[in-house]
Amino acid sequence: MQARDSGSMDAGAVHLATTDVNALTEAQAAVELSRLSQELAAANQAYHGLDAPIMSDATYDELKRRNAAIEGRYPNLKRPDSPSDQVGAAAAEGFGKVAHRVPMLSLANAFQPDDIREFDARTRRFLNLGPDVPLAYVAEPKIDGLSLSLRYEEGRLVQAATRGDGEVGENVTANARTVEDIPNQLAEGAPRVLEIRGEVYMTHGDFAALNARAIETGGKVFANPRNAAAGSLRQLDARITASRPLRFFAYAWGEMSEPLADTQWGALQRLRELGFQVNPLARLCDGPDALLSTYEEIEAQRATLGYDIDGVVYKVNEIGLQRRLGFRSTTPRWAIAHKFSAERAWTRLLAIEINVGRTGALAPIARLQPVTVGGVVVSNATLHNEDYIAGRSASTGEPIRGGKDLRPGDWVEVRRAGDVIPQIVDADLTRRDSDAAPFAFPTICPQCGSDAVRDAGDAVRRCTGGIACPAQAVEKLKHFVSRNAFDIEGLGIKQIEMFFNDPVLPIREPADIFTLEERDRQNSERLRDRLGYGERSAANLFRAIEERRSIALARLIFALGIRHLGEAGSALLAQHYGSWPAFEFAMTAARVGEGPEWEELNSIDGVGRVLATSVVTAFHQEAERAAIDRLIPHLRIDNPAPRATESPVAGKTVVFTGTLEKMTRAEAKARAEAMGAKVAGSVSAKTDLLVAGPGAGSKAKDAERLGVKVIDEATWLDMIGAA
Ligand code: IVH
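In structure tokens:
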């Protein structure tokens, strides 16, 4: 509920309809929903935007309740701009954007004790530490909330930002100031600039009370404490946030004018001294055994903590080592999240359905009798591929589930772990119907009828229809507009499905998105009168599309939805080629397995043969290529900035060979990349520098032949200022 002053301010324009909702005809209901959405929007705008309310709190709530009641009676009439879906005034666009000076990353996940021993071993390998050298870690509960970055200057809170996509978040400063655990002023001795990161969360008790109040007043009911915390923090009206009981634990940092401490453990103590809440269950551990026993200790307290945690985070204690370990594209090498293990339940497998994905993969899905697993209702589970259904591993042929196959009607055990898609881990053959037949996996695409083939070595059967298969085309479009690709507000999965099948204003390929407004203008049936759109929502959609005509090269490459090409690979290609014309020219000229363009593509560190083949093949597939060519003219493509332009090795292509003495190969590569160099695996005419340690072999000869400059490790360290 909104905290409005009550008073006698209801403007004459607002009339409280009195007709019983149950007596409304469908046509009357549609008219009234439209009126309510306009009146509530005007009230919101007046209240939040103009600070001049035009109706009382009570009237506002009553209109909102009536709107919800009519939608309850006629769910099909619910408008895309329904007031029920709006928490504040406008949607997220109301928040300013904040570019994080230090990106807000996520963590790699682990589930098994062995994963943790491997994490320790991997860390030691990277740092070249023998098994007997002490290596300490800090274990902290993984709070299940939403991360927030708080910027302090001269000890005062000046900005708070949500994580967003990790690079750019939303400015929620006014809201953060209302959270009691977030100090507005730090204790004496804080660094001049200090960005503190941590988790905003809500306790179970506060969550239950908030929902109970919402049920009473017709407000928004949240699914879990995490959603409630997120919904409460992302309010355009800070007074609403203030009325919600949010809390905050500090555990990390971004930009700092001086370090907090030499160790993670020391930093946590400093955070506490500065005035933050630091989780009391954090422990300093001397190795994987201690980490695992802390994990057990924390897991045992999980149910009685009073707030949600979904695992334990392990961090290398020495900050100096954290710095040396650095980051992969989206996760640090120096930390890992050990998630709590799965929860299980038995239920009935109702049917096996086949989805056709973006790359044509026939993905079998189990439809289940809904069952609660660890507090979440599960009605679908992934079945991976045909071998998985048959009870054997696709890669090794080894039996899985003890070799038991799955048949519709079976009793099955479902397991879910954290956010991971639920899996079927067992079947009870004693309860199987005697006439249940083994599942026959389709060999033609259920969507377009093309052959579905399984290549040697591939676990998955694929539709051969390409983008002529409607399922592949629509999935490609969904990927194209997804969050880490074009991320067009108001054009999500639902809308793509709707426009894909719309005869008047179809979107069948990416280019169609950018001609939508122009095509709409030429239609006699306008979007603003159809598909649940109105004047304003149609204009909003066109504006959101317009905003995304400018796109970063890496995002564009990722958005193309080429098989095997994820965000990290796309970023590598964008960084390497530097511009769309250069990339497109190279992919057009490249032939799989031969020629200089193929060699160049494969020399990019992190690009393997599988990825290279897939990208080159996509650019040579007629229909797919034509769709790309139709898209490009609609876009303004931003080239990536060369990384760390000031370093003497920025933009240079470097190859390492032989034995390095001061650091491992992995560390050398990470350091070079952080300084803006490209690291390649083999020497070619494009190589600028070969760093050769003792025992350098054929690469040194290649370098000599190609006239590439060769230096030793000491010279290299000198060059990057690390000597
Ligand atoms: S450290 C560079 N510590 O988990 C990594 N994260 O899955 C910085 N989280 O985005 C994160 N508790 O929102 C860290 N004790 C903790 C955490 C924690 C919860 C969240 C955080 C992060 C996500 C990654």
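If you're matching positions, the sequence shown starts at 18 in our numbering and goes up one per residue.
Glycine included, every Cβ here is placed at the ideal spot set by N, Cα and C.
{"Query": "Distance, proline 97 Cα to arginine 560 Cα", "Result": "16 Å"}
{"Query": "Any residue whose CB is nearer than 5 Å to a heavy atom belonging to ligand 1, listed in chain order", "Result": "Leu122, Ser123, Leu124, Glu157, Lys159, Ile160, Ser164, Glu216, Tyr268, Ala269, Val330, Pro349"}
{"Query": "Cβ contact (3+ pairs, closer than 8 Å) linking the segment 379-395 and the segment 342-351", "Result": "no"}
{"Query": "Same chain only: Cβ atoms within 6 Å of alanine 108, ignoring 5 sequence neighbours per side", "Result": "Unreliable positioning characterises alanine 108 in this predicted model, as indicated by a pLDDT of 31, which lies under 50. The coordinate reading is nonetheless provided below. Closer than 6 Å at the Cβ level, and outside the excluded window around alanine 108, lies no residue."}
{"Query": "Backbone secondary structure at alanine 108 - three-state DSSP", "Result": "Because alanine 108 sits at a pLDDT of 31, beneath the cut-off of 50, its placement in the model cannot be relied upon, and the point is left open."}
{"Query": "Distance CB(leucine 366)-CB(aspartate 404) smaller than 7 Å", "Result": "no"}
{"Query": "Three-state secondary structure (DSSP) of isoleucine 315", "Result": "helix"}
{"Query": "The segment 685-701 touching the segment 612-622, judged by at least three CB pairs closer than 8 Å", "Result": "yes"}
{"Query": "Reduced DSSP secondary structure (H/G/I, E/B, other) of glutamate 730", "Result": "helix"}
{"Query": "Leucine 494 versus tryptophan 615 - alpha carbon distance", "Result": "28 Å"}
{"Query": "C-beta atoms of aspartate 161 and arginine 214 nearer than 7 Å", "Result": "no"}
{"Query": "Identity of the residue in Leu648, Pro711, Ala667, Leu706 nearest glutamate 678 by Cα", "Result": "Pro711"}
{"Query": "Helix, strand or coil at asparagine 228 according to DSSP, with G and I counted as helix", "Result": "helix"}
{"Query": "Straight-line Cα distance separating alanine 702 from valine 727", "Result": "13 Å"}
{"Query": "C-beta atoms of phenylalanine 265 and valine 210 nearer than 7 Å", "Result": "no"}
{"Query": "Cβ distance (whole Å) where histidine 221 is taken to contact glycine 323 below 8 Å", "Result": "5 Å"}
{"Query": "Reference alanine 267; option with closest CA among Asp254, Arg168, Gly337, Gly343", "Result": "Arg168"}
{"Query": "Closest residue to alanine 115 among Ile737, Lys95, Val189 (Cα-Cα distance)", "Result": "Checking the sequence shown, residue 115 turns out to be valine, not alanine. When each option's Cα is compared against that of valine 115, the closest is Val189."}
{"Query": "Residues near glycine 181 in its chain [Cβ-Cβ closer than 7 Å; skip 5 each side]", "Result": "Glu187"}
{"Query": "Beta-carbon spacing of glycine 482, serine 467 below 7 Å", "Result": "yes"}
{"Query": "Whether valine 388 touches arginine 433 by CB criterion (7 Å)", "Result": "no"}
{"Query": "Other residues of its chain near histidine 496: CB distance less than 8 Å, five sequence neighbours each side excluded", "Result": "Arg375, Ala502, Ala576, Gly578"}
{"Query": "Range of the contiguous beta strand (DSSP E) that encloses isoleucine 257", "Result": "Here isoleucine 257 belongs to no beta strand (DSSP E); instead the alpha helix (DSSP H) covers 255-259."}
{"Query": "Close-in-space but distant-in-sequence residues of the same chain around leucine 723 (CB under 6 Å, 5 per side omitted)", "Result": "Ala702"}
{"Query": "Distance between beta carbons of isoleucine 484 and glutamate 641, contact taken as under 8 Å", "Result": "6 Å"}
{"Query": "From Leu652, Phe602, Ala603, His355, residue whose alpha carbon lies closest to that of glutamate 564", "Result": "Leu652"}
{"Query": "Distance between aspartate 546 and threonine 36 (C-alpha atoms, nearest Å)", "Result": "26 Å"}
{"Query": "Alpha-carbon to alpha-carbon, valine 491 and cysteine 462", "Result": "15 Å"}
{"Query": "Arginine 230 classed as buried or exposed, judged by whether at least 16 other C-beta atoms fall within 10 angstroms", "Result": "exposed"}
{"Query": "Bridge partners - proline 349, DSSP secondary structure assignment", "Result": "Phe344"}
{"Query": "Same chain, Cβ closer than 6 Å to tyrosine 331, five either side skipped, listed in chain order", "Result": "Tyr154, Ala156, Leu308, Ile353"}
{"Query": "Serine 715 - partner residues in DSSP beta bridges", "Result": "Answer is none; serine 715 lacks a bridge partner."}
{"Query": "Beta carbon of valine 700 nearer than 7 Å to that of alanine 720", "Result": "yes"}
{"Query": "Supposed contact pair leucine 50 and lysine 81 - C-beta distance, whole angstroms, cut 8 Å", "Result": "With a Cβ gap of about 12 Å, lysine 81 and leucine 50 do not count as contacting."}
{"Query": "Collapsed DSSP secondary structure at phenylalanine 266 in the structure displayed", "Result": "strand"}
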